[in-house]
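Chemist:
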Amino acid sequence: MPFPGRLYLLFTPSLCRGEPWHTLREALAGGVELVQWRVKQPDLAGFHRCRDLCREHGVPLLVNDDVMLAVRGRAHGAHVGQGDLPAEAARKLLVLQWLGISTHEPAQINAAAAAGADYVGFGPCFPTATKGYEQGKSHADISAAIAAAAVHSLPLFAIGGIRPDNLLALRAIGIDRVAVSSAILGADDPRAAAAALRRML
Ligand code: TZP
Ligand code: MG
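In this text, residue positions in the sequence shown follow our numbering: the first is 7, and each later residue adds one.
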């Protein structure tokens, strides 16, 4: 099955402006198509609640960092960064599940493809307080990443500081999938924020 979805929500309850479960429901109603459980402290009850809500909406759930939680918790996949469990090891554990990998340069995209990733994240495209990045990638860097991913037919999600007001600039250079956190979780109206992003993709 081709990798689904263009609007990917990185869900961290502590980053929500409003009540987190209400925020997630609203985001799903607004058109979020993939969710990542992105929580640093173990919270199994929270994970199950998130999984149930995603299931109700027919939206796949992936787990950040914790590949074993993705396997045992029957999520749709896991996402690992460059400093996490190596991609090859994650790939072996995720037999029937998706593997996503964070990348910051074309060489890492090539390596992710070689390790059998189902998609890559690439960024940060803009500065973002969510992960403490003060500088975003240049358009030339982003275009090079798009080209590298295309060689491998690897879906690429732009990430980092993406909001409705800067997404058009990324669309113009060929980005068609984004992963966001604060633009939705920190919005006064998460449903409207998700819908605005989804419309632009
Ligand atoms: N990886 C690169 S930037 C980032 C991650 C997890 C943060 C994304 O959150 P936001 O709030 O959409 O910038
Ligand atoms: Mg990580």
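C-beta atoms are modelled at their ideal positions from N, C-alpha and C, and glycine is treated no differently.
Please find out if some non-hydrogen atom of the ligand MG comes closer than 8 Å to the beta-carbon of Val-45.
Modeler: Result no, Cβ not under 8 Å from the ligand MG.
Chemist: Going straight from the alpha carbon of Leu-67 to that of Gly-127, what length do you get?
Modeler: The straight-line gap from Cα to Cα measures roughly 16 Å.
Chemist: Is His-85 a contact residue of the ligand MG, with contact defined as CB to any heavy atom under 8 Å?
Modeler: True, at least one ligand heavy atom lies under 8 Å from that Cβ.
Chemist: Is Gly-89 near the ligand MG, judged by its Cβ being under 8 Å from some heavy atom?
Modeler: Indeed, a heavy atom of the ligand MG lies less than 8 Å from the Cβ.
Chemist: Using alpha carbons as the reference points, say which of Gly-87, His-110, Val-101 and Cys-131 lies closest to Arg-78.
Modeler: It is Val-101.
Chemist: Of all the CB atoms in chain D, is at least one closer than 9 Å to the CB of Asp-124?
Modeler: As a matter of chain content, chain D is missing from the structure shown, which is built from one protein chain.
Chemist: In the DSSP assignment, what are the bridge partners of Ile-165?
Modeler: Ala-185.
Chemist: Between the alpha carbons of Ala-118 and Thr-109, how many angstroms are there, rounded?
Modeler: Spanning the two alpha carbons is a distance of roughly 8 Å.
Chemist: From the DSSP output, which residues share a beta bridge with Phe-17?
Modeler: Paired residue(s): Trp-43.
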